[in-house]
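What follows is a set of notes on a single structure, which appears directly below.
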Amino acid sequence: MKPVWEIKTEADTPLLSQIMMARGIKEEDLYHTLDELPDEALLANIETVAERIREALYNNEPLVIFGHDDPDGITSTYILYRYLNSCGYQKHNYFIPNRIIEHHGIQKSFINFVKEHRFPLVVTVDNGISAYNGVEELNRMGCEVIITDHHLVQPEEIPNAFSILNPQLPECKYPFKMLSGVGVVLMLIRYLSKLLEHPVEPALYFWAAIGSIADKVPMTGVNRILVRHVLNNWDDIKDYTIEFLQRNFNRVTGLTDKLNFMHYCSRLIANGREEDGKHIAMRFLLQLSDEKVRLFQLLEEAKNAWELALNNVFKLVGTLLEDFEGEAFIYYDDEDLIPYTLLGTAATYVVNNLGIPAIFIKNRHDVMVCEGRCANNFNMVEAFSFAKGSLIQFGGHAKAAGFTMFPDKYNDFIELFHDYLRHQLEADKMDHKLEIDAVLTPEKLSNRIWYELERLLPFGQENPEPIVLIKDCTIRQLSERFSIDSCSPKITKQDKLDIVIQLKNPNLIKILDYHPVSETQTP
Ligand SMILES: [Mn+2]
């Protein structure tokens, strides 16, 4: 279905002001600083959580941070671990579960780890809110559990934890709900720093920004303030790992370079799963000796292998999408073509290309696992919740969620999912709108325009890269100035068209849609 173009701007003003007008961004929105962050005390239970951690510190009581093996989970674990280090505490440990070996959340290996080391206290980061059974088991062993998480709360299955820190809790008054896992941990650390009168190192903001970017949280509100704070105070960050990594990266000067470097960091720590709660990225981050070089090489190799696997998945999904028509994309990987850890990425690829909800299902051990992704016009958690009668466990965010299910429930699930989809489609008819931020003539195009827009950085969810209508233009004109992503083969290079592009970086654009010149209606 062809989208309807919605031009929300007045042409003939500078590009930046066109975009700001279209998005309702005011000048002052671009200048918020840490001083304007909401008071962390507004997070429900933060006092209970912080006091319990202080008690552990003062009594030199062992505790273990239970993380998650993605960049959000790694940075969450790392900044809390490092903050406790900086307080002079020595009884803290960490455990990063391995999703290749075990299902998501608190599983046998972690229970055994806690049993073996007799930890009286667990702090989960970036997970835990759906670990009802895991928390029960830890409680039975006499272990107290503090949950810090940012995933959606299922009110009928809230774990019996000692306390829970999650902006998604219904009783939570914190005004910004879309923090990443590491964002929640950072707010806890900021609160602790007042309680303990011990400062937060600037580098912790850098790692919190890395986790937030990687987790694709909306780049608005608190998240935007965090990332902008890091970009604007780059030189104040003293961090051995960042200096080490910058030596292995191109020169970092402008804002765009800095963000590219941050994306690189997040990709680097996206790999490194090991067994028994260890993780190469965690070991790399914590390592100060020469061993750091070797761990870095291991991470680089893992990153390269991962990028290769990713490309293969994109190729595969690309062929699946050729000539696909439908309101949702459901794929059962019965031939085991997509690694489990790339299911979510495969689904994201579909959403980016077709704009429809996508779910990828495959067998894993003795159950089926699924990752679902969607755009703003759908809610994946709600869809799974609708079908929960056929699921073992589900959780996540509106736009990114997952579940496990017994294989004999597959048909039931598919039927329920379709029911939900049909309701949803009837409810809002999913009108396809393409919101255009600015209108330009081809003469105004150059690689420099990106830099005029750097004040809008970082781009991300809810602050996407600018979408610009280029009037009366040929593909040839565009390709003289930019590399072009996903150019439809049906367009000939010389035809005069009105083309909607998205600026992806200084030299790369993506073509989103086009009309013959006569068909575009302008306000
Ligand atoms: Mn997360």
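The sequence shown runs 42 to 564 under this note's numbering. No residue lacks a Cβ here, since even glycine has one placed at the ideal position from N, Cα and C.
ask   = On the three-state DSSP scale, how would you describe Val-258?
value = Three-state DSSP puts Val-258 in coil, outside helix and strand.
query = For Pro-55, does the count of other Cβ atoms within 10 angstroms reach 16, so buried, or fall short, so exposed?
reply = By the neighbour-count rule (16 or more Cβ atoms within 10 Å), Pro-55 is not buried but exposed.
inquiry  = If contacts are defined as beta-carbon pairs under 8 Å, then Leu-384 and Glu-348 qualify, I think. What distance do you get, rounded to the angstrom?
reply    = Actually they are not in contact, since the Cβ atoms of Leu-384 and Glu-348 sit about 17 Å apart, beyond 8 Å.
task = For Pro-547, collect the residues of the same chain with a Cβ closer than 6 Å to its Cβ; drop the 5 residues on either side in sequence, then sort them by chain order.
result = Result list for Pro-547: Asn-488, Trp-491, in chain order.
query = Contact check, Gly-252 vs Ser-117 under 8 Å by CB: the rounded distance?
reply = At roughly 6 Å, the Cβ-Cβ gap stays under 8 Å, so Gly-252 and Ser-117 are in contact.
message = For Pro-564 and Asn-352, I'd like the C-alpha separation in whole angstroms.
response = Because the pLDDT of Pro-564 is 46, which lies under 50, any placement of that residue in the model is unreliable, and the number read from its coordinates should be weighed accordingly. In this model, Pro-564 and Asn-352 are separated by some 41 Å (Cα to Cα).
key: Minimum C-alpha distance to Leu-245 - residue among Leu-327, Leu-236, Ile-188, Asn-289   = Selection Leu-327, Leu-236, Ile-188, Asn-289 evaluated against Leu-245 yields Leu-327 as nearest (Cα-Cα).
key: Residue span of the beta strand (DSSP E) that contains Asn-134, given as start and end   = Membership of Asn-134 in the beta strand (DSSP E) is indicated by the continuous run 133 to 136.
query = Cβ-heavy atom distance between Gly-413 and ligand 1 below 6 Å?
reply = No - ligand 1 has no heavy atom lying nearer than 6 Å to the Cβ of Gly-413.
DSSP beta-bridge partners of His-320 = According to DSSP, His-320 bridges with Arg-314.
query = CB Trp-46 to CB Ile-477, shorter than 7 Å?
reply = With a cutoff of 7 Å on beta-carbon distance, Trp-46 and Ile-477 are scored as near each other.
key: Residue of Leu-549, Lys-551, Gln-543, Cys-514 minimising C-alpha distance to Thr-533   = Checking every option, the nearest Cα to that of Thr-533 belongs to Cys-514.
C-beta contact flag for Gly-175 and Ile-147 at 7 Å = If you check the CB distance, Gly-175 and Ile-147 come in under 7 Å.
request  = Determine, using beta carbons only, whether Ser-73 and Ile-266 come nearer to each other than 7 Å.
outcome  = Looking at the sequence provided, one finds His at residue 73 rather than Ser. Taking 7 Å as the cut-off, the Cβ atoms of His-73 and Ile-266 count as close.
For His-158, the first and last residue of its enclosing alpha helix (DSSP H) = Run containing His-158: 149 to 158, per the alpha helix (DSSP H) assignment.
ask   = From Leu-457 to Ile-170, what distance separates their C-alpha atoms?
value = Taking the straight line from one Cα to the other gives about 25 Å.
query = In this structure, what does DSSP give as the bridge partners for Val-186?
reply = According to DSSP, Val-186 bridges with Val-163.
task = Decide yes or no for the touch test of the stretch 156 to 164 against the stretch 186 to 197: beta carbon pairs closer than 8 Å, at least 3 of them.
result = Yes, they touch.
key: Residue from Arg-517, Asn-420, Asn-134, Glu-77 whose Cα sits closest to the Cα of Glu-102   = Measuring from the Cα of Glu-102, the nearest candidate turns out to be Asn-134.
inquiry  = Can you tell me whether Pro-398 is helix, strand or coil according to DSSP?
reply    = Pro-398 sits in coil when the DSSP states are folded into three classes, being neither helix nor strand.
request  = Classify Tyr-99 as buried or exposed, calling it buried when 16 or more other Cβ atoms lie within 10 Å of its own Cβ.
outcome  = Under a 10 Å Cβ-count criterion, Tyr-99 is classified as exposed, with fewer than 16 other Cβ atoms of the shown protein chains found around its own Cβ.
inquiry  = Please state the DSSP three-state secondary structure of Pro-564.
reply    = Here the model assigns Pro-564 a pLDDT of 46, short of 50, so the residue's position is not dependable, and the following value carries that caveat. In this structure, Pro-564 counts as coil in the three-state DSSP scheme.
ask   = So, using beta-carbon positions, are Gly-313 and His-320 closer together than 7 Å?
value = Yes, these two residues count as a Cβ contact at 7 Å.
message = Here's the rule I'm using: 16 or more other beta-carbon atoms within 10 Å means buried, otherwise exposed. How should Val-334 be labelled?
response = With fewer than 16 other CB atoms across the displayed protein chains lying within 10 angstroms of its CB, Val-334 is exposed.
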